[in-house]
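Novice: Heads up: the sequence shown is residues 1 to 135, going by the UniProt record's numbering.
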Amino acid sequence: MEDLSKYTSLIRLRMGSHDAHYAGDLVDGAKMLNLFGDVATELLIRSDGDEGLFVAYDNVQFMAPVFAGDYIEATGRIVSMGKTSRKMEFEARKVISPAKIAGQVSAADVLDEPVVVCKASGTCVVPADFQRIKR
Numbered sequence: 001m002e003d004l005s006k007y008t009s010l011i012r013l014r015m016g017s018h019d020a021h022y023a024g025d026l027v028d029g030a031k032m033l034n035l036f037g038d039v040a041t042e043l044l045i046r047s048d049g050d051e052g053l054f055v056a057y058d059n060v061q062f063m064a065p066v067f068a069g070d071y072i073e074a075t076g077r078i079v080s081m082g083k084t085s086r087k088m089e090f091e092a093r094k095v096i097s098p099a100k101i102a103g104q105v106s107a108a109d110v111l112d113e114p115v116v117v118c119k120a121s122g123t124c125v126v127p128a129d130f131q132r133i134k135r
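(1) What three-state label does DSSP hand R46 in the structure shown?
(2) Quick check: E73 and R12, are their CB atoms within less than 9 Å of each other?
(3) If you follow the beta strand (DSSP E) that E89 is part of, which residue opens it and which one closes it?
(4) Which residue wins for smallest C-alpha separation from A108, given the options T84, M15, E2?
(5) Can you find the residues in the same chain that come closer than 6 Å, C-beta to C-beta, to H21, ignoring five residues on each side of it along the sequence?
(6) Taking the alpha-carbon positions, what's the P98 to G82 distance?
(7) Taking C-alpha atoms, which residue in E89, H18, L35 lies nearest to I78?
(8) First and last residue of the beta strand (DSSP E) that includes D109?
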């Protein structure tokens, strides 16, 4: 049985004002799914040498708000592999937030403990003819 622990990915990204979609600089939860899509693409390249296709999410949980200025780490891992399908799990964590100090808009804090803002799982597919890394 193949060791799937080698198939992991991490992206860290700052949410900017252009990501804020709602009042109070709140970022649309769909942005986390966008990050998970990028993580999934890297995982497929690592496992198969091809970007593959994201077929479906089977679970998405939004757990905490994300605001412009937050730094988000999005991680993912392959948890099972079929002939062409790749089951994945994802997590997005807030690791830095604006300090919100009056008169010092550039102040930010590294969080003592990351805050999980979203979890998801889903399935991607790499057609057999496109798999460049053979097992």
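Quick reminder that beta carbons are idealized off the backbone N, C-alpha and C, glycines included.
Specialist: The relevant details are as follows:
(1) helix
(2) yes
(3) 85-98
(4) M15
(5) D28
(6) 42 Å
(7) E89
(8) 108-125
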